[in-house]
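Chemist:
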Amino acid sequence: MKKNHLLIGAAALIIAVVAGYVAWDRHQTQKLQDATLTRIDNATQSLRTALAPSNDPIAQSQVVAAAVERVDQDLSALRATAASRILLLGAAADTYLHTTRELLKRQAAVLVLDTSVRNGITAFRGHLTGNRGAANWTGEAVRLKNRLEQDFREYQRAVTAHTSIADGYADAHKALAGLVAESRIPPTAEITAARDRTTAAARTLTAEVEATRRMAAPR
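Mapping of the sequence shown onto the working numbering: residues 240 to 458, in sequence order.
Given below as structure tokens:
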């Protein structure tokens with residue numbers, strides 16, 4: 240009889256230990272899931288704020304740069320956790336945060352370079368219409384033209400990268416859409432609209448650069 244009591248007691252203890260471990264494991268998994276969802280929400284907020292239309296590209300570029308840093312920190316934190324507990328959500332969140340970070344990086348570059356190119360156009364045109372008899376006029380014209388062309392090439396590369404990543408956003412959206420509420424992530428159309436604004440602005444700026452080149456062409 241005493242032996243039976245010992246066996247029952249041991250079995251009860253094992254059950255209690257197992258139940259405790261299961262409860263702890265569920266708690267840890269829930270904590271990780273909640274933290275991951277918060278990181279997704281933060282990325283979404285950053286994405287929507289950063290890609291919103293703005294009339295002040297310099298101020299907006301600072302907003303985007305801060306957003307890049309936040310998303311990068313969240314991505315690093317996600318990758319440092321035991322994401323195997325939430326394998327599918329963890330992998331999809333990683334893709335989403337990575338895509339968001341890379342898109343925002345290019346958005347920041349586009350905004351900064353847009354301003355640089357516009358300032359370069361203004362400076363170069365002003366020089367062309369200035370006193371051509373001034374000392375070193377030709378040398379300064381060449382310097383301004385080369386700087387404008389360099390900034391414009393970098394701008395074009397940034398726009399191309401921005402467009403490519405925006406086009407790939409659909410894959411990141413699809414990976415998460417079946418795992419979280421769709422309200423947590425911007426629809427693909429929202430990102431496409433931001434991409435279209437960027438490419439439209441690029442077409443306008445390209446036309447201004449080409450007009451400036453014609454001004455500088457030999458007559």
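A virtual CB, placed ideally from N, CA and C, is assigned to each residue, including glycine.
Give me the Cβ distance between proline 425 and threonine 354, rounded to the nearest whole Å; I'm assuming they're in contact under 8 Å.
Modeler: 26 Å between Cβ atoms; not a contact.
Chemist: Give the single residue among Leu367, Gly378, Ala331 and Ala400 whose Cα lies nearest to the Cα of leucine 416.
Modeler: For clarity, residue 416 is alanine in the given sequence; the question names leucine instead. Considering only alpha carbons, the answer is Ala331.
Chemist: To the nearest angstrom, how far is it from the Cα of histidine 337 to the Cα of histidine 401?
Modeler: Those two C-alpha atoms are separated by around 14 Å.
Chemist: Here's the rule I'm using: 16 or more other beta-carbon atoms within 10 Å means buried, otherwise exposed. How should leucine 326 be labelled?
Modeler: Label assigned to leucine 326: exposed.
Chemist: Helix, strand or coil for proline 426 per DSSP?
Modeler: Three-state result, proline 426: coil.
Chemist: Suppose you measure from the CA of valine 310 to the CA of asparagine 375; what does that come to, to the nearest Å?
Modeler: Distance between the alpha carbons of valine 310 and asparagine 375 is about 48 Å.
Chemist: Does DSSP put leucine 415 in a helix, in a strand, or in coil?
Modeler: Leucine 415 falls in the helix class under three-state DSSP.
Chemist: Could you tell me which whole alpha helix (DSSP H) segments of length 4 or greater appear in the region 274-343?
Modeler: Listed in chain order, the complete alpha helix (DSSP H) runs (minimum 4 residues) inside the region 274-343 are 296-318.
Chemist: Reducing DSSP to helix, strand and coil, say where alanine 450 ends up.
Modeler: Helix.
Chemist: Please work out which residues of its chain come closer than 7 Å, Cβ to Cβ, to arginine 364, disregarding the five sequence neighbours upstream and downstream, and give them in chain order.
Modeler: Around arginine 364: Thr451 and Met454.
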